[in-house]
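Contents: one structure, followed by commentary.
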Amino acid sequence: MNALKTFVVVMASAIAIPSMADKHDKVTLLEAPVKVADVSGIDGFIGQRIDLNRNVYLKDFPIDKYVDFVVDRQHTSWDWTRAEQHGKWIESAYLSAIQGKDKQLYEKVKKELYRIIASQEPNGYLGATAKSYRSAKRPIRGMDPYELYFVFHAFETVYEETGDKKALTSVERLADYFLNNFGPGKNEFWPSKTLCAPENKHKVLTGTSDFAGHSVHYGWEGTLLCDPIARLYELTGKKKYLDWSKWVVSNIDRWSGWDAFSRLDSVADGTLGVDKLQPYVHSHTFHMNFMGFLRLYRITGDQTLLRKVEGAWNDIAKRQMYITGGVSVAEHYEHDYIKPLRGNIVETCATMSWMQLTQMLLQLTGNTKYADAMERLMINHVFAAQDALTGTCRYHTAPNGEKPEGYFHGPDCCTASGHRIISLLPTFFYAEKGNKFFVNQYVDAHYDGKDFQFSVAGNYPDGDVLTLSILKGADKELNLRIPAWCANPSILLNGEQLSGVRAGAYYTVNRSWKKGDKLTISFPMEERWIERANHSDCKQYMLPGGEIMYDVKPTQLIPYAFLRGPVVYCVDMVWNPQLHNDDCNIEKDIRVDVSQKPVAIKKVDASMMTECFKAKGYYKGIPVELVLTPFANIGQWWRNGETKPQKNADAFTYGIWVYPKK
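Position one of the sequence shown corresponds to residue 22 (this note's numbering), numbered consecutively onward.
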């Protein structure tokens, strides 16, 4: 048996840790994710980009340097970017190595994991902050909870996926460090160094906190630990972790000074926007806390927690979600429908946590609207943020913007979040519950379960006809997500038409599946121009701490975007050299004739996710043909056969939203 086959066998036997959540939770998941090791052969555009993430970005990343930084433990400054690399990389590399059967990466990440564990202090501390900085009154640095959130989840994922008890022991010791230093009668997560309740009531904060990150986040950067520590309760059944997580959540109102947790009920009622919970609502931080609320709902059965999160999700999806599925305006949520087209828009950290939050809601409710939202985000914005050459991810990926400069920065929070969400993607494709099996994302891949196996082919979303071929049969209720955007879906089973297929729900086929059975799934894709709803120009201003905010500027000019099914297209100057102005101002200089349907053309490059189009347009009033390419492909910032622009240049512009010719 060769080394790779041996590795695959070892991993298959190691990934046999039964889920402990059902044992300790009052609410069981309606859909449980399949093991990442059981998803293989990911192909097509998404498979290529997942391979880029694993084989180039993760393998080339200088993780030794960042593990050295943690092991040396001399950090005292506010900067968090160096101390959050190791947690995200450990989780990403483990998931990618297991899914891709990559022995080399697996051995590398295991070595780094054990280096980190070996550096753990006797009291359990595992962050980067210097011992000389810490004391009983100041046991952590302000950004420790945020940085260590990802260490918690990384170690817990390692234990769940491999059964490595060293990881579990280490993460318990880390949790105990927080339990010993924070709790009733101990330190608390106050966002201000001077204001506590009741003096903090409705106070507008700036600056930083000793224990809870940025003060302008009003304590939520400390409370986000409710999620991984509640997860530790699910793994161990130790009630102290549940009690601590509940204590954290019960104090959010006091610590924030704005009753932000309780007022989520008003968001759920539809009487309050999530942006009005406090003076500044940081998208990524709120998502991480929301995941903690959902985990506590699973454990306790407290329906009010689910209601709060569902209400917030609905409000965000209705008002603050972009056409690509991305969220966040300059890292926060704005009022009304303010969503600027340019600037620091759709933060990659927020993309990561929004997708995870949406997946958790899907697992708990079985509502396919969540899988639809994940599909839109996965096939549009996730890979638009990824540089097509090195795999690094942008901090922000605005619908209309410039490149390549945005792809080269860090390493920082968003470069790390980008590789983490790409590594997590295979865990979102399929789910199961007893004899029920769910296909949520249609990516060319194989499912290799012990009793049930199949393959998906069709190169979706380039192709709109897919085949699901059974490779190993079993008695299964197979639930196929039918996207809400599709007006005329259809399914054939072994050539016979099935009835009752409708959009926006699962279609269920319950039978004794046999090897060779084939489902032919058709999702005809409508091509259309979409007028931007609730459009406004935006005027930027800043809070005292430098946070970017926006007000509305009236405008009579409304832009349009072109879609094919769920795929969002853009005008990308890389693929429009005929204009002889690579960095043209798309909003001012380009106009399109939206009365005419663009004509489908062959892919202008083999790397394109889907077919391309030509639209009738105008450049500074002169008629031109505009090439429309998938927004997911904006990560190519050079022209084939030409010298690549400098990495810090704004050499090319792109835009989803273009204005119509009057």
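Idealized CB from N, CA, C, for every residue including glycine.
As the structure is a prediction and not an experimental result, all values here were calculated from the model.
**Asked** If we call anything under 8 Å between Cβ atoms a contact, is G642 one with D614?
**Response** No; because the gap between Cβ atoms is not below 8 Å, this pair is not in contact.
**Asked** Near A333, which residues of its chain fall below 8 Å by C-beta distance, leaving aside the five closest residues on each side in sequence?
**Response** Taken in chain order, the residues that qualify are L285, V288, A289, V295, F307, F311.
**Message:** Taking 8 Å as the threshold (C-beta atoms), are A53 and A452 in contact?
**Reply:** yes
**Prompt:** When we look at the beta-carbon of M563 and count the other beta-carbons within 10 Å, is it buried (16 or more) or exposed?
**Reply:** Residue burial is scored here from C-beta neighbours: M563 has fewer than 16 other C-beta atoms within 10 angstroms and is therefore classed as exposed.
**Request:** Please state whether DSSP places R612 in a helix, a strand or coil.
**Result:** strand
**Request:** Find out if the Cβ-Cβ distance for the pair R103, F90 is shorter than 8 Å.
**Result:** yes
**Asked** What separation, rounded to the nearest whole angstrom, lies between the Cα atoms of R194 and Q667?
**Response** 47 Å
**Request:** Consult DSSP for N606 and reduce its assignment to one of helix, strand or coil.
**Result:** coil
**Request:** Give me the Cβ distance between L398 and G346, rounded to the nearest whole Å; I'm assuming they're in contact under 8 Å.
**Result:** 3 Å
**Prompt:** What number of angstroms, rounded off, separates the C-alpha of F19 from the C-alpha of C247?
**Reply:** No answer is possible for residue 19: it lies beyond the span of the chain, which begins at 22 and ends at 683.
**Asked** Does the beta-carbon distance from G240 to P205 come in below 8 Å?
**Response** no
**Asked** Which value, in whole angstroms, describes the spacing of the CA atoms of P39 and A409?
**Response** Here P39 scores only 48 on pLDDT, less than 50, and its place in the model should not be relied on; the value that follows carries that caveat. Using only the alpha carbons, I get a separation of about 38 Å.
**Prompt:** Who does L377 pair with in a DSSP beta bridge?
**Reply:** One point to set straight first is that residue 377 is Gln, not Leu, in the sequence displayed. Looking at the DSSP output, Q377 sits in no beta bridge, so it has no partner there.
**Exposure of G234, with buried meaning 16 or more beta-carbon neighbours within 10 Å** = buried
**Request:** Report buried or exposed for N272, applying the criterion of at least 16 other Cβ atoms within 10 angstroms of its Cβ.
**Result:** buried
**Prompt:** By DSSP, does I36 sit in helix, in strand, or in coil?
**Reply:** For I36, the pLDDT reaches just 47, beneath the cut-off of 50, and the residue's location in the model is therefore unreliable, although a value from the coordinates is still provided. I36: coil per DSSP, three-state reduction.
**Request:** Would you kindly work out how many angstroms separate the C-alpha atoms of I36 and N500, rounded to a whole number?
**Result:** Any answer about I36 is weak, because its pLDDT of 47 lies below 50 and its placement is not dependable; what the coordinates show is given next. So the alpha carbons of these two residues sit roughly 25 Å apart.
**Asked** When you compare only the Cα positions, how much space is there between S371 and R340?
**Response** What sits at residue 371 in the sequence shown is Ala, not Ser. If you draw a straight line from the Cα of A371 to the Cα of R340, it comes to about 16 Å.
**Message:** Helix, strand or coil for P166? Go by DSSP, reduced to three states.
**Reply:** DSSP, reduced to helix, strand and coil, places P166 within a helical segment of the structure shown.
**Item:** Rounded distance between the beta-carbons of K44 and G184, thought under 8 Å
**Value:** Their Cβ separation, rounded to whole angstroms, is 16 Å, which puts G184 and K44 out of contact at 8 Å.
**C-alpha gap between G62 and F459, whole angstroms** = 19 Å
**Item:** Rounded straight-line distance, which links the Cα of W596 to that of R660
**Value:** Spanning the two alpha carbons is a distance of roughly 8 Å.
**Message:** Distance check for A405 and D626, CA to CA, integer angstroms please.
**Reply:** 16 Å
**Message:** Using C-beta distances below 6 Å, list every residue in its chain close to A505, excluding the 5 sequence neighbours before and after it, in chain order.
**Reply:** D393, A524, G525
**Prompt:** Identify the residues that DSSP records as bridge partners of V530: which are they?
**Reply:** L499
**Prompt:** Among D100, L134, G121, H223, which residue has its Cα nearest to the Cα of Y167?
**Reply:** D100
**Prompt:** Span of the alpha helix (DSSP H) holding I250?
**Reply:** Going by DSSP, I250 is part of the alpha helix (DSSP H) stretching over 247 to 257.
**Asked** Got a sec? Which residues, its chain only, sit under 6 Å from P447 by beta carbon, not counting five neighbours each side?
**Response** V57, V60, Q120, listed in sequence order.
**Asked** What is the DSSP secondary structure of I655, reduced to helix, strand or coil?
**Response** coil
**Item:** Extent of the continuous alpha helix (DSSP H) run through V270
**Value:** 260 to 271
**Message:** Using only the alpha-carbon positions, how far apart do R94 and Y416 sit?
**Reply:** 27 Å
**Request:** Out of K129, V88, K131, V179, point me to the one whose CA is closest to L147's CA.
**Result:** The candidate whose alpha carbon is nearest that of L147 is V88.
**Item:** Boundaries (first-last residue) of the beta strand (DSSP E) holding V91
**Value:** Boundaries around V91 are those of the alpha helix (DSSP H), 84 to 93, since no beta strand (DSSP E) includes it.
**Request:** Would you list, in sequence order, the uninterrupted beta strand (DSSP E) runs of no fewer than 3 residues that lie entirely inside the segment 516 to 588?
**Result:** 526 to 533, 539 to 543, 548 to 552, 558 to 563, 569 to 574, 581 to 585
**Request:** May I ask you to list the residues that DSSP assigns as paired with M342?
**Result:** V348
**Message:** Taking the straight line between their C-alpha atoms, what separation do you get for Y78 and A114?
**Reply:** 10 Å
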